[in-house]
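Below: one structure, written as structure tokens.
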Amino acid sequence: MKKLPSVLFLFFSLVVQAQELITYEVPREMLYSAHNDDFTVKVRVPGGEWQDLYEYNVQVDLDKVQDASMVYFDFSGKVDVWVKKNNGFVNTIDIRPRSFDIIPEINSNIITFSLEQPANISLEVNGDKLHNMHLFANPIRNDKPDPNDPDVIYFGPGVHRPGDLPGDVFHITSGKTVFIDGGAVVKAKLMVDRAHDVKIIGHGIIFQPERGVEIRHSRNITIDGPIFINPSHYTIYGGASTGLNLHNIKSFACKPWTDGIDLMSCSNVVVDGVFLRTSDDCIAIYGHRWDFYGSARNIQIKNSTLWADVAHPTNIGVHGNAQADGDTIENVLFQNIDILEHDEDTRIAQGCFGISAGDNNLVRNIKYENIRIDDFEEGMLLKFQVFYSEKYGHAAGRGIHDVVLKDIHYNGYSANPSEIFGYTEDRNVKNIRIEGLKINGQVIENAIEGNIHIGKYAKGIVFKK
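According to our numbering, the stretch in the sequence shown is residues 11 to 475, in order.
Structure representation (structure tokens):
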């Protein structure tokens with residue numbers, strides 16, 4: 011038999027290497043207690059054998075807590091996905107975010123499709139967003155550290171607890187790399203307090219902690235890859251910290267005050283590629299709160315999916331140091347984001363884009379760009395308000411200045427009128443540029459077309475094609 015020419019051999023070797031699929035076993039003690047039987051999900055490399063995935067139960071929506079499903083795996087190249095709805099037929103299937111442009115095939119109660127890039131997606135059968143299947147297709151990791159390295163905290167396959175009591179904490183010190191294997195389940199909060207140069211990486215699960223990761227008075231912290239299932243409070247809690255890199259985090263929450271990522275007096279932050287389904291704000295950016303002091307600046311949130319079953323997908327400005335003339339929240343970018351839900355009953359707390367300047371805060375230089383918003387249950391597209399909150403604050407804000415909304419596309423009919431207003435002549439909203447806003451495909455050229463109410467002490471509101 012003739013040997014392949016070296017160039018062809020190298021080509022076929024690269025093709026084989028490019029097609030890789032990694033699945034993970036559920037820890038034995040969670041095999042029955044953590045499962046959801048609504049769907050059966052399998053994956054394969056094209057032409058290969060199907061591999062069965064474990065369908066985790068995740069709880070969503072504070073209003074009436076519901077059981078949804080979640081699976082995950084790692085791959086490169088291309089992968090085929092097979093999903094069976096175990097009860098009933100599939101009349102329609104919606105795979106969101108729609109920006110991935112995934113076209114499935116339906117055969118009775120079987121759904122099939124392929125992926126050629128990592129994706130965090132929701133499969134919604136017959137319009138059901140509360141009992142859906144979440145599928146997290148991660149990239150292959152090439153940064154697994156040596157478990158024997160003294161600077162590595164390694165959580166291998168299985169369940170990990172710091173002690174016998176629930177709600178305990180793993181304390182992470184400076185210079186440590188925490189690796190959470192894809193088959194690992196950590197039942198605790200990870201605490202990073204007055205530390206620097208810490209990495210928390212891997213595709214495993216942090217399961218029902220008090221908070222997912224708490225970062226306090228720290229710098230140069232990376233979190234990349236974990237899944238957080240139903241924390242009792244925030245998923246990521248950042249206070250008075252700088253140099254945060256939060257990547258490919260996936261989270262579910264169904265309890266009161268279960269925000270996704272809250273940043274208090276934090277600066278120089280990048281949030282990239284996250285999927286947050288929360289029952290309070292998905293992303294919140296504040297100044298001073300509790301024992302955290304200082305302004306907040308230079309924050310990027312990009313390439314992400316936000317799903318607020320309650321409250322805001324994005325929220326800026328409520329808390330600050332009112333007694334010390336407030337803080338400044340500035341240079342914040344939201345870019346290339348899909349918003350899948352917004353549901354808030356209280357009008358003052360509505361807004362897919364919420365800026366509520368209170369506590370003598372000045373909010374300025376904020377940009378929302380290339381954002382797609384699906385129809386949502388209840389809320390507004392935007393609410394920019396300088397206000398005094400008797401519930402949360404001690405003073406009105408100083409102002410909201412220099413905000414850009416560019417290429418925002420909303421498809422739906424449920425939005426209440428948006429609102430922009432200041433507090434006094436000196437505590438105002440000014441210089442808001444709305445460019446390329448589309449609602450159901452129509453380019454919006456003025457406030458009336460956009461159903462935007464511009465109230466007192468708001469000036470320089472400009473619309474552009």
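Don't be surprised by glycine CBs; every beta carbon is placed ideally from N, CA and C.
Can you tell me where the beta strand (DSSP E) holding I4 begins and where it ends? The requested residue 4 is not part of the displayed model; the chain covers only 11 to 475.
Straight-line Cα distance separating E59 from V26: Counting from 1 along the sequence shown, the entry for residue 26 is found at position 16. Counting from 1 along the sequence shown, the entry for residue 59 is found at position 49. Residue placement at V26 is flagged as unreliable, the pLDDT there being 45, under the threshold of 50; a coordinate-derived value is accordingly withheld.
If we count the other Cβ atoms within 10 Å of its Cβ and call it buried at 16 or more, is Q452 buried or exposed? Your numbering for residue 452 matches position 442 in the sequence shown. By the neighbour-count definition (other C-beta atoms within 10 Å, threshold 16), Q452 is an exposed residue.
On a CA-only basis, which of F49, Y66, I32 is nearest S43? Give me that one, please. Locating residue 43 in the sequence shown gives position 33, where the first residue counts as 1. The shortest C-alpha separation from S43 is found at Y66.
Look at the alpha carbon of I449 and the alpha carbon of G173, and state the distance between them as a whole number of angstroms. Within the sequence shown, residue 449 is the residue found at index 439, counting from 1. Within the sequence shown, residue 173 is the residue found at index 163, counting from 1. Taking the straight line joining both Cα atoms gives about 52 Å.
Distance between beta carbons of N119 and K154, contact taken as under 8 Å: Here residue 154 is taken as the residue at index 144 of the sequence shown, counted from 1. Here residue 119 is taken as the residue at index 109 of the sequence shown, counted from 1. With a beta-carbon spacing of about 38 Å, K154 and N119 fall beyond the 8 Å limit used to define contacts.
In chain order, what residues of the same chain have a beta carbon less than 6 Å from the beta carbon of I32, not counting five sequence neighbours either side? Within the sequence shown, the letter at position 22 stands for residue 32. Correct list, in chain order: D84.
With which residues is N152 paired in a DSSP beta bridge? In the sequence shown, counting from the first residue as 1, residue 152 sits at position 142. Per DSSP, N152 has no beta bridge partner at all.
Provide the residue span of the beta strand (DSSP E) that contains T245, from first to last. Taking the sequence shown and counting its residues from 1, the one referred to as residue 245 is at position 235. Counting along the chain, T245 falls outside any beta strand (DSSP E), and DSSP gives it neither H nor E.
Nearest neighbour of A359, chosen from L286, I383, D348, P323 [CA to CA]: Counting from one through the sequence shown, the residue named residue 359 turns up at place 349. Taking each of L286, I383, D348, P323 in turn and checking the Cα distance to A359, the smallest one comes out for P323.
Residue range of the beta strand (DSSP E) that includes G168: To locate residue 168, count along the sequence shown from 1; it is residue 158. Looking at the DSSP string, the run of the beta strand (DSSP E) that includes G168 is 168-170.
Using three-state DSSP, classify L24 as helix, strand or coil. What you label residue 24 is simply residue 14 of the sequence shown in a count that begins at 1. Caution applies to L24, whose pLDDT of 42 falls short of 50 and renders its modelled position unreliable; the value that the coordinates give is listed next. Residue state, collapsed to three classes: helix.
Nearest to E5 by alpha carbon, out of V188, G422, L343? Nothing can be reported for residue 5, as the shown portion of the chain is limited to 11 through 475.
To the nearest angstrom, how far is the alpha carbon of F473 from that of F363? Residue 473 sits at position 463 when you count from the first residue of the sequence shown. Residue 363 sits at position 353 when you count from the first residue of the sequence shown. C-alpha separation (whole angstroms): 17 Å.
For Q333, does the count of other Cβ atoms within 10 angstroms reach 16, so buried, or fall short, so exposed? Position 323 of the sequence shown holds residue 333. Exposed.
Is F386 helix, strand or coil when you go by DSSP? Counting from one through the sequence shown, the residue named residue 386 turns up at place 376. Looking at F386 - three-state DSSP - the assignment turns out to be coil, as it is neither helix nor strand.
CA nearest to the CA of D355, picked from A321, I347, I365: Here residue 355 corresponds to residue number 345 of the sequence shown, with the count starting at 1. Per the Cα distances, A321.
Tell me, please, which residues DSSP counts as bridged to Q29. As a position in the sequence shown, residue 29 is number 19, starting the count at 1. Residue pairing from DSSP leaves Q29 without any beta-bridge partner.
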